[in-house]
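When the letters of the sequence shown are read in order and numbered with full-length UniProt numbering, they come out as residues 1 to 360.
Backbone N, C-alpha and C define an ideal beta-carbon position, used for all residues, glycine too.
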Amino acid sequence: MEDDFEKGTAPKRFCYSDLAMAIDNFSDDKKLGQGGFGSVYKGFLKELNLHVAIKRVSKGSKQGRKEYASEVRVISRLRHKNLVQLIGWCHGGRELLLVYELMPNGSLDRHLYAANNVMLPWSVRHEIVFGLGSALLYLHQEWEQCVLHRDIKPSNVMLDASFNTKLGDFGLARLVEHGQGSLTTTHAGTMGYMDPECMITCRANTESDVYSFGVVLLEIACGRRPVVVVQQQEEDDDEDAVHLAQWVWSSYGRGKILDAADTRLGGEFDAQEMECVLIVGLWCAQLDLKLRPSMRQALNVLRFEAPLPPLPSRMLAASYMPPVSATESCTSSPTVTRHVNGIMCTSLGAATARPPLSRA
1 MEDDFEKGTA
11 PKRFCYSDLA
21 MAIDNFSDDK
31 KLGQGGFGSV
41 YKGFLKELNL
51 HVAIKRVSKG
61 SKQGRKEYAS
71 EVRVISRLRH
81 KNLVQLIGWC
91 HGGRELLLVY
101 ELMPNGSLDR
111 HLYAANNVML
121 PWSVRHEIVF
131 GLGSALLYLH
141 QEWEQCVLHR
151 DIKPSNVMLD
161 ASFNTKLGDF
171 GLARLVEHGQ
181 GSLTTTHAGT
191 MGYMDPECMI
201 TCRANTESDV
211 YSFGVVLLEI
221 ACGRRPVVVV
231 QQQEEDDDED
241 AVHLAQWVWS
251 SYGRGKILDA
261 ADTRLGGEFD
271 AQEMECVLIV
281 GLWCAQLDLK
291 LRPSMRQALN
301 VLRFEAPLPP
311 LPSRMLAASY
321 MPPVSATESC
331 TSSPTVTRHV
341 NGIMCTSLGA
351 ATARPPLSRA
């Protein structure tokens, strides 16, 4: 493995003492951020003459330990210019540490929403769309197995010194064989980005990632978070929270989809590119997974290598079948209508259920 790492083909296992030294023994001055399952530090590896980001998994987090194992098992085997490179790992000194290439410009969400950051111009946003799409195409169709990321969101879209896109955080990723279809799973991901069908049926698939990709595209184009608060005449809290896809679809239905573009851009964008990103975002974020494109189809349209897809003037409702066995169950309720990600969905009971939704 050491020889492979030197050739840039595999990560390496580090000594705990070397990593602790690289971040001044976990000094707060070196801390870049903190999440539910650990903290991230900026360090410098003298032997490699390289600045790195070192993730320290929380000692008491069982989920964090699972995600550590998933990261090492999955991302250590992947090689693509739009994926954050795992340089190495360490499980010594009673610590679990992951070493990544450093992303000087941080995550996409910081640039979309942080008040103290310079607003990203459209040209940079458009390239981020392509980079993220290329990363997902590689994961879904171009690697030896199909990789389901399961947590596509702006905070996991990293930006290097030149604002090139690098998709990171593979702690929830799962491997499936090409053509296998769905993976029965427990809930995983982030509200607002999770496929409503996956949340109800507990079946993750490539279409689940495509849904999340669509939401991120809409965020990039609109500069809005996935749930938009709108004022209604009726005093109904549920109706006040509208998913971004529904909000954009209302503009699309009026024939004025560019009204959804980020107003902070001041109209400084290519109208054809903006329209394309918005429409592909809606295409990917449809409630029925059978209506969503593959990543290759989505990229072909984004690159203007295929025509824009015809979409209905209103977002179509969808009905989902819950898991059919006790071992799969994450909901055993009969037919019920509920709000998922701010979208009204219907879960069908066994008597009215249709066959499982999957695509070859």
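Annotation: the continuous alpha helix (DSSP H) that includes G253 extends over L244 to G253. Unbroken beta strand (DSSP E) stretches of 3 residues or longer found wholly inside the stretch 254-288: none. Distance check between N82 and each of K46, N164 and L217 places N164 closest, using alpha-carbon atoms only. D109 is positioned such that its CB atom lies closer than 9 Å to that of K153. Taking C-alpha positions only, E219 is separated from M191 by approximately 14 Å. S134 and L299 have their alpha carbons spaced roughly 8 Å apart. In this structure, the beta-carbon distance from E101 to A53 falls below 9 Å. With a cutoff of 9 Å on beta-carbon distance, E207 and R125 are scored as not near each other. In the structure shown, A20 adopts helical secondary structure according to DSSP, grouped into three states. Bridge pairing for L86: Y100 [DSSP]. Taken atom to atom, the span from the alpha-carbon of Y211 to that of D151 is near 11 Å. In the displayed model, S70 falls within a helix according to three-state DSSP.
Look at the beta carbons and you see the stretch 276-288 touching the stretch 244-262: at least three pairs across the two are nearer than 8 Å.
Rounded to the nearest whole angstrom, the CA to CA distance from R65 to S39 is 13 Å.
The beta-carbon distance between P11 and L96, rounded to whole angstroms, is 14 Å. This is too long to meet the 8 Å contact definition. In the DSSP secondary-structure assignment, Q141 is not bridged to any residue. In this structure, H80 keeps its C-beta atom at 9 Å or more from the C-beta atom of Q141.
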